[in-house]
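*Asks:* Below is one structure. I have some questions about it.
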Amino acid sequence: MTPSPTAPLRLHVPEPTGRPGCSTDFSYLAISPAGAVRRPPTDTPAADTADLATSLVRVLDDEGRAVGPWAPSIHPERLRRGLRAMMKTRIFDARMLMAQRKKKLSFYMQCLGEEAIAVAHAQALAEGDMCFPTYRQQGLLLSRDDIPMSELICQLMSNEGDPLKGRQLPVMYSYKRAGFFSISGNLATQVIQAVGWAMASAIKGDTKIASAWIGDGATAEADFHTALTFAHVYRAPVIINVVNNQWAISTFQSIAGGEGTTFAQRGVGVGVASLRVDGNDFLAVYAASRWAAERARTNHGPTLIEWETYRAGPHSTSDDPSKYRPQDDWQRFPLGDPIARLKQHLIAIGEWTEEQHAAAQKSLEAEVLAAEKEAERHGSLLDGRVPSAAAMFEGVYKDMPEHLRRQRQQMGV
Amino acid sequence: MQPSTEDTAKAMQQAEPVTTQAQQRDQQRAEAQHPDASRVPMTMIQALRSAMDVMMARDDNVIVYGQDVGYFGGVFRVTEGLQAKYGKTRCFDAPISEGGIVGTAIGMAAYGLKPVVEIQFADYFYPATDQIVSEAARMRHRSNGDFTAPMTIRMPCGGGIYGGQTHSQSPEAFFTHVCGLRTVMPSNPYDAKGLLIASIECEDPVIFLEPKRLYNGPFDGHHDRPVVPWSKHALGMVPEGYFRVPLDSAVVFRPGKEVTVLTYGTMVWVAECAAREAGVDAEVIDLRSIWPLDLETIVNSVKKTGRCVVVHEATRTSGFGAELAALVQEHCFWHLEAPIERVTGWDTPYPHAQEWDYFPGPARVGAALKRAVGKEA
Numbered sequence: 026m027t028p029s030p031t032a033p034l035r036l037h038v039p040e041p042t043g044r045p046g047c048s049t050d051f052s053y054l055a056i057s058p059a060g061a062v063r064r065p066p067t068d069t070p071a072a073d074t075a076d077l078a079t080s081l082v083r084v085l086d087d088e089g090r091a092v093g094p095w096a097p098s099i100h101p102e103r104l105r106r107g108l109r110a111m112m113k114t115r116i117f118d119a120r121m122l123m124a125q126r127k128k129k130l131s132f133y134m135q136c137l138g139e140e141a142i143a144v145a146h147a148q149a150l151a152e153g154d155m156c157f158p159t160y161r162q163q164g165l166l167l168s169r170d171d172i173p174m175s176e177l178i179c180q181l182m183s184n185e186g187d188p189l190k191g192r193q194l195p196v197m198y199s200y201k202r203a204g205f206f207s208i209s210g211n212l213a214t215q216v217i218q219a220v221g222w223a224m225a226s227a228i229k230g231d232t233k234i235a236s237a238w239i240g241d242g243a244t245a246e247a248d249f250h251t252a253l254t255f256a257h258v259y260r261a262p263v264i265i266n267v268v269n270n271q272w273a274i275s276t277f278q279s280i281a282g283g284e285g286t287t288f289a290q291r292g293v294g295v296g297v298a299s300l301r302v303d304g305n306d307f308l309a310v311y312a313a314s315r316w317a318a319e320r321a322r323t324n325h326g327p328t329l330i331e332w333e334t335y336r337a338g339p340h341s342t343s344d345d346p347s348k349y350r351p352q353d354d355w356q357r358f359p360l361g362d363p364i365a366r367l368k369q370h371l372i373a374i375g376e377w378t379e380e381q382h383a384a385a386q387k388s389l390e391a392e393v394l395a396a397e398k399e400a401e402r403h404g405s406l407l408d409g410r411v412p413s414a415a416a417m418f419e420g421v422y423k424d425m426p427e428h429l430r431r432q433r434q435q436m437g438v
Numbered sequence: 005m006q007p008s009t010e011d012t013a014k015a016m017q018q019a020e021p022v023t024t025q026a027q028q029r030d031q032q033r034a035e036a037q038h039p040d041a042s043r044v045p046m047t048m049i050q051a052l053r054s055a056m057d058v059m060m061a062r063d064d065n066v067i068v069y070g071q072d073v074g075y076f077g078g079v080f081r082v083t084e085g086l087q088a089k090y091g092k093t094r095c096f097d098a099p100i101s102e103g104g105i106v107g108t109a110i111g112m113a114a115y116g117l118k119p120v121v122e123i124q125f126a127d128y129f130y131p132a133t134d135q136i137v138s139e140a141a142r143m144r145h146r147s148n149g150d151f152t153a154p155m156t157i158r159m160p161c162g163g164g165i166y167g168g169q170t171h172s173q174s175p176e177a178f179f180t181h182v183c184g185l186r187t188v189m190p191s192n193p194y195d196a197k198g199l200l201i202a203s204i205e206c207e208d209p210v211i212f213l214e215p216k217r218l219y220n221g222p223f224d225g226h227h228d229r230p231v232v233p234w235s236k237h238a239l240g241m242v243p244e245g246y247f248r249v250p251l252d253s254a255v256v257f258r259p260g261k262e263v264t265v266l267t268y269g270t271m272v273w274v275a276e277c278a279a280r281e282a283g284v285d286a287e288v289i290d291l292r293s294i295w296p297l298d299l300e301t302i303v304n305s306v307k308k309t310g311r312c313v314v315v316h317e318a319t320r321t322s323g324f325g326a327e328l329a330a331l332v333q334e335h336c337f338w339h340l341e342a343p344i345e346r347v348t349g350w351d352t353p354y355p356h357a358q359e360w361d362y363f364p365g366p367a368r369v370g371a372a373l374k375r376a377v378g379k380e381a
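From first to last, the protein sequence lines are chains F and L.
Residue numbering for the first sequence follows our numbering, beginning at 26 and increasing consecutively.
Residue numbering for the second sequence follows our numbering, beginning at 5 and increasing consecutively.
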């Protein structure tokens with residue numbers, strides 16, 4: 026029926042299909058069968074990636090087999106390392122959640138269900154590349170051997186061993202030596218900074234690339250758009266990762282602008298090559314990340330990757346998702362659990378067993394527990410052994426100006 | 005309106021070269037550093053351009069960009085010729101996105117470059133506020149020095165040019181309130197070059213405000229008189245090579261005994277003229293670095309004069325003058341013989357037609373000087 030021209034206008038306010046007490050209808054999520062999406066050469070023009078921005082790159086099928094053109098050639102040992110890093114990340118998260126409940130730290134954010142994205146992406150980058158993460162890419166750090174887990178926990182506990190001297194909220198890590206940029210509470214700011222870092226690498230004729238991270242909700246921030254524009258204009262060697270976990274705190278991704286479209290399509294619109302990838306498929310994450318990294322490193326410019334995943338846990342320790350979405354949502358999410366899927370694959374190819382898995386689980390739990398104990402030797406919020414108040418005045422400027430010297434003296438420290 | 009040749013000649017005769025003791029000290033210091041440095045007349049535009057030229061030649065990591073900054077050389081000509089000399093990867097045009105310009109500069113600084121970016125008018129920095137306040141200013145502190153933001157953000161500021169609401173603002177108080185930033189504003193070509201070089205070399209993020217009213221010549225608020233070129237002033241004679249004017253250092257622009265005037269930018273010239281015309285022996289202090297500032301020079305002066313007038317173009321309420329008045333009250337209370345006065349822009353958006361009713365010219369400043377020293381006004 027043709028609407029009458031005099032019918033009153035109506036404001037459209039998107040809603041998720043699933044609210045507490047109902048079930049989410051995940052049919053909104055366009056899912057391609059594993060192996061079905063083409064893998065173009067890495068020098069492909071951005072305009073030719075339009076179909077890749079609406080389909081879904083997947084490698085692992087329901088039986089855990091790696092199929093199709095994106096199936097990477099990757100040594101099983103690296104896959105086992107990836108699996109262990111994902112397991113470690115999940116165990117770490119669970120343990121820190123408990124520590125927060127025990128008031129040893131004030132706040133925590135898990136990445137439950139999103140472990141594959143950061144862990145597999147990290148494996149596709151090279152030493153010297155710089156990630157500009159959000160607060161939900163702890164897998165980038167936990168998949169490295171050179172960052173002691175106890176030091177991360179010291180940051181979380183703001184104790185005397187905190188490398189950031191107690192100045193930052195828990196999880197706002199900074200590890201230049203690990204290619205992990207200082208996390209800011211202000212959303213999306215780091216994406217445009219990543220583009221600038223990549224431009225700098227190009228200005229200096231370097232070979233390093235940048236990797237920017239942002240969630241689905243934060244794509245609505247202006248900095249996401251400036252980042253895409255600058256990345257396109259200057260052909261910056263950067264990967265812009267949009268982690269679409271369907272939720273921004275209580276807000277479904279449709280309110281961020283995801284209804285009837287994908288976040289990957291934003292990239293195509295501004296001339297940035299774009300992929301939409303199964304974020305719970307370790308092999309697809311690794312393959313797509315390698316593709317984008319090679320594209321950037323060979324001067325073919327930026328890539329936007331939308332990672333489809335699901336925020337399985339609460340937004341943070343201050344959040345209760347049962348107030349806005351179904352309890353069993355993750356169980357019904359069609360892309361499953363990244364750890365379970367890689368485990369199934371490794372077992373299917375004869376490179377892993379249930380026994381090995383159980384043993385790894387046990388040893389990682391012990392490792393995390395030991396790291397927590399080690400960190401607690403430096404104090405925690407519980408015992409008030411926090412960095413000195415004098416540390417508050419340092420580092421505001423390179424050299425402390427007179428007014429801060431005076432204020433510090435007023436405090437008597 | 006083009007002033008007649010006769011008017012210009014008359015104005016040039018009126019213009020007095022102003023070189024204070026402290027400025028002579030600066031110049032002597034520069035000469036000591038570079039005894040062979042030849043001095044040439046420069047406008048503020050040329051001096052700023054020269055500062056970037058010198059720094060780009062000295063340091064490959066200095067990168068200059070912004071809207072219309074590259075090929076065209078900037079809407080005020082401040083970056084003219086830099087792209088031709090240093091190439092498109094050292095000096096280039098940017099999209100119209102202040103947040104993008106500052107955001108990329110932060111990333112570049114984190115990489116190890118020294119970006120010098122331009123916001124075309126200070127009135128248009130607002131879209132970059134989040135990047136300036138939440139990111140550049142906090143980077144060193146929040147990462148415990150793991151990452152830093154050594155960068156300079158140039159912004160033409162100030163009124164007196166019929167710029168209306170969005171080409172005249174003086175937003176320095178937005179920046180001085182942000183811990184981690186340095187805010188600087190020169191009042192003449194010599195300081196403009198020396199301060200810009202010092203800002204580019206500084207490891208902290210610097211907001212470098214350039215009073216566009218002073219780009220081509222000093223301006224004392226007498227808008228009915230033709231512009232006098234910088235070549236008539238000692239401060240328009242600028243060393244061609246490298247020299248610095250240190251940050252955090254104020255200068256006694258005009259020595260005096262009766263009252264201290266704390267000011268910066270265009271208002272330095274207005275205050276100097278007001279003192280002359282009002283017949284008040286005012287000591288005019290050009291802060292140069294607005295925050296962090298040179299408290300010692302301020303306190304020494306007010307303790308000597310016992311009186312203080314704060315002058316700025318920016319609107320009054322919560323303007324930087326409030327901080328200055330509070331500092332003087334805290335540090336000089338027992339020496340004060342009169343209330344601290346503030347002569348500022350009104351608490352209104354910057355108007356177009358009412359330009360000279362808004363701009364705190366020499367008459368308004370002079371009246372405040374007379375009140376402060378107890379003369380009729």
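We put the CB at the ideal spot given by N, CA and C, even for glycine.
1) To the nearest angstrom, how far is the alpha carbon of A114 of chain L from that of D208 of chain L?
2) Which residue marks the beginning of the beta strand (DSSP E) containing L300 of chain F, and which one marks its end?
3) I need the boundaries of the alpha helix (DSSP H) containing E399 of chain F, first residue and last residue.
4) Given T187 of chain L, which residues of its chain have a CB within under 8 Å of its CB, disregarding the five upstream and five downstream residues?
5) Going along the chain, which unbroken runs of the beta strand (DSSP E) with 3 or more residues stay wholly within the region 174 to 233 of chain L?
6) Of all the CB atoms in chain L, is at least one closer than 9 Å to the CB of L189 of chain F?
7) Apply the 10 Å Cβ neighbour rule to S413 of chain F and answer buried if 16 or more other Cβ atoms are within range, or exposed otherwise.
8) In chain order, what residues of the same chain lie with their CB nearer than 7 Å to the CB of G323 of chain L, ignoring the 5 residues before and after it?
9) Residues of chain C with CB under 8 Å from N148 of chain L, in chain order?
10) Residues in the region 101 to 115 of chain L with C-beta within 7 Å of chain F's C-beta atoms, listed in sequence order?
11) I'd like the span of the beta strand (DSSP E) that includes F117 of chain F, first residue to last.
12) Classify W332 of chain F as helix, strand or coil using the three-state DSSP reduction.
13) DSSP beta-bridge partners for S236 of chain F?
14) Can you tell me whether A278 of chain L is buried or exposed? The criterion is at least 16 other CB atoms within 10 Å of its CB, across all chains shown.
15) Is G74 of chain L closer than 9 Å to K92 of chain L when the C-beta atoms are compared?
16) Between S57 of chain F and S80 of chain F, how many whole angstroms is the CB-CB distance? I'm expecting something under 8 Å.
17) Since A110 of chain F meets chain L, which of its residues come closer than 7 Å, beta carbon to beta carbon?
18) Name, going along the chain, the residues of the region 141 to 169 of chain L whose beta-carbon falls closer than 9 Å to a beta-carbon of chain F.
19) Look at P195 of chain F and A235 of chain F and say whether their C-beta atoms are less than 9 Å apart.
20) Nearest chain F C-beta to S138 of chain L closer than 9 Å, yes or no?
21) Please list, in chain order, the chain F residues whose beta carbon lies closer than 8 Å to that of L328 of chain L.
22) Can you pull the chain L residues whose beta carbon is under 9 Å from the beta carbon of D248 of chain F, in chain order?
23) If you drop the 5 nearest sequence neighbours on each side, which residues of the same chain put their C-beta closer than 7 Å to that of S8 of chain L?
24) Can you tell me whether A98 of chain L is buried or exposed? The criterion is at least 16 other CB atoms within 10 Å of its CB, across all chains shown.
25) Please list, in chain order, all residues of the same chain as A71 of chain F whose beta carbon is under 6 Å from its beta carbon, the five residues on each side excluded.
26) Can you find a CB in chain F that lies within less than 9 Å of the CB of E207 of chain L?
27) Going by C-alpha to C-alpha distance, which of L:R280, L:E341, L:V288, L:V314 sits closest to K307 of chain L?
28) From what residue to what residue does the alpha helix (DSSP H) around P346 of chain F run?
29) Pull up the distance between the alpha-carbon of A384 of chain F and that of K398 of chain F, whole angstroms please.
30) Could you check where the alpha helix (DSSP H) with P243 of chain L kicks off and where it finishes?
31) Pull out every residue of the region 324 to 348 of chain F whose Cβ sits closer than 9 Å to any Cβ of chain L, in chain order.
32) So with Cβ pairs under 9 Å, would you call C183 of chain L a contact of chain F?
33) Comparing alpha-carbon positions, which option in L:K216, L:M143, L:M159 lies nearest Q124 of chain L?
34) I want to know whether the region 202 to 216 of chain F touches the region 122 to 140 of chain L - three or more CB-CB distances under 8 Å.
35) Between R186 of chain L and chain F, is any beta-carbon pair separated by less than 9 Å?
36) If K129 of chain F and S347 of chain F are in contact, beta carbons under 8 Å, what's the gap, nearest whole angstrom?
*Replies:* In terms of the structure at hand:
1) 12 Å
2) 298 to 303
3) 379 to 401
4) E176, F179, T180, V210, I211, L213, S293, I294, W295
5) 186 to 188, 210 to 215
6) yes
7) exposed
8) A177, H316, T348
9) Absent from the structure is chain C; the protein chains it does hold are F and L.
10) S101, G103, G104, G107, T108, A109, I110, G111, M112, A114, Y115
11) Here F117 of chain F belongs to no beta strand (DSSP E); instead the alpha helix (DSSP H) covers 101 to 126.
12) strand
13) F:C156, F:I264
14) buried
15) yes
16) 5 Å
17) Ordered by position in chain L, no residue passes the 7 Å Cβ test against A110 of chain F, which lies about 23 Å from the chain.
18) A141, R142, M143, R144, H145, R146, S147, N148, G149, D150, F151, T152, P154
19) no
20) yes
21) Per Cβ cutoff of 8 Å: no residues; L328 of chain L is ~13 Å from chain F at best.
22) G103, G104, G107, D134, Q135
23) The predicted model places S8 of chain L with a pLDDT of 42, which falls under 50 and marks its position as unreliable, so this point remains unresolved.
24) buried
25) G296, V297, A298
26) yes
27) L:E341
28) Note, P346 of chain F: premise wrong, no alpha helix (DSSP H); not H, not E.
29) 21 Å
30) Per DSSP, P243 of chain L belongs to no alpha helix (DSSP H); it is in the beta strand (DSSP E), 241 to 243.
31) none
32) yes
33) L:M159
34) yes
35) yes
36) That belief does not hold up - the Cβ atoms of K129 of chain F and S347 of chain F are roughly 25 Å apart, past 8 Å.
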